[in-house]
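Below is one structure, written out as structure tokens; the observations come after it.
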Amino acid sequence: MLAPAIDTSVGQLPRFAAVIVGVAALCSGALVGVLFGSGIALQLVIAWAVFVIAYPGWSAAVENRRKSTDRLITCLVWTAFVLAMIPLVSLMVTVVAKGAPVITGEFLTTDMTGRALLGEGGGIVHAIMGTVMVTAIAALIAIPIGLLTAIWLVEYGAGSKLGSLITFLVDVMTGIPSIVAGLFALALFQVLLGDPLPRIGIGGGVALALLMVPTVVRSVEEMLKLVPNELREASYALG
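Here it is as structure tokens:
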């Protein structure tokens with residue numbers, strides 16, 4: 001038995017129906033605030049609840065059930081999106097509002113030498129230099145290893161047992177947590193060099209390299225697989 005057809009030609013809301021309902025909902029929230037002395041947040045919640053109820057309800061009265069349901073689901077999706085964005089926007093506003101006044105030339109060009117750890121003053125030049133140093137060390141280690149590994153896997157080790165083993169190990173390394181990589185580097189340098197603290201930058205570079213290698217291998221491997229066989233054969237012909 002076939003379901004009855006839904007008539008899609010019945011009625012149509014005005015072009016600015018959402019704006020009209022939105023203004024009415026805001027007025028409703030403001031009225032509640034005036035009558036009961038509620039705050040802005042509660043007024044907005046009430047206005048949004050009125051909008052979510054009134055907009056699909058108007059659509060159900062003028063249009064049909066399918067369009068009304070569509071508008072209701074759209075309102076609920078936007079509600080979920082707004083609720084998810086509130087913490088992010090609040091965090092960004094707080095960081096910018098409290099952090100912008102202290103970002104000065106001195107802050108960017110000085111370090112914490114002679115400064116109390118929790119006191120005022122000092123800058124982040126030491127953090128910038130440490131980040132650059134650790135990233136450079138990791139790149140020097142991970143890029144050559146990852147590049148050569150990917151070339152071997154695609155051009156020479158495809159289908160071999162060793163190639164399958166290396167691919168498996170790369171997949172395992174992809175899921176290594178950063179804390180595990182850091183503990184491995186710390187333990188490695190403590191065993192090899194005794195006290196790891198004077199060389200902690202190198203340890204950080206090694207830990208970051210462990211996280212970079214599988215990404216480099218996978219990226220280069222996928223790019224090499226995109227090379228057409230005609231180009232490979234032409235390169236073989238050229239020697």
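Counting from 1, one number per residue, gives the positions in the sequence shown under the UniProt record's numbering.
We treat Cβ as the ideally placed atom computed from N, Cα and C, and that holds for glycine.
Keep in mind it's a predicted model, so treat the numbers as computed, not measured.
Exclusion of the five residues before and after T109 leaves G123, V125 as the residues of its chain whose Cβ lies within less than 7 Å of its Cβ. The three-state secondary structure of S59, taken from DSSP, is helix. In this structure, the beta-carbon distance from W152 to I166 falls below 9 Å.
By the criterion of at least three beta-carbon pairs nearer than 8 Å, the region 36-43 is not in contact with the region 82-101.
Here the alpha carbons of E106 and D70 stand approximately 55 Å from one another. The count of Cβ pairs closer than 8 Å, one atom from the region 46-66 and one from the region 11-28, reaches three, so the stretches are in contact. Here the region 132-147 makes no contact with the region 155-166; the two share fewer than three CB pairs at distances below 8 Å. Residue burial is scored here from C-beta neighbours: V21 has at least 16 other C-beta atoms within 10 angstroms and is therefore classed as buried. For E233 against V154, the beta-carbon gap comes to about 15 Å, at or over 8 Å, which does not count as contact. The alpha-carbon of A139 is positioned some 7 Å away from that of A209. The C-alpha of W78 lies about 51 Å from the C-alpha of S160.
For I20, the uninterrupted alpha helix (DSSP H) segment begins and ends at 17-36. Rounded to whole angstroms, the separation of the alpha carbons of V102 and F16 is 45 Å.
At a Cβ-Cβ threshold of 9 Å, M133 and G205 count as neighbours. Per DSSP, the continuous alpha helix (DSSP H) segment holding E155 begins and ends at 125-155.
If you compare the alpha carbons of L238, V96, S178, K67 with that of A207, the shortest gap goes to S178. Following the DSSP letters along the chain, one finds A234 inside the alpha helix (DSSP H) bounded by residues 229-237. DSSP places I40 in the helix class (H, G or I) of the three-state scheme. Judged by DSSP secondary structure, G182 falls within the alpha helix (DSSP H) whose first and last residues are 178-193. Taken atom to atom, the span from the alpha-carbon of V180 to that of I137 is near 19 Å. Excluding five sequence positions before and after V217, the CB atoms of its chain that fall closer than 6 Å to its own CB belong to G146, T149, A150, V170, given in chain order.
Taking C-beta atoms as the reference points, V50 and C75 fail to come closer than 9 Å. Per the C-alpha coordinates, the member of G203, P228, T135, A47 positioned closest to L186 is G203.
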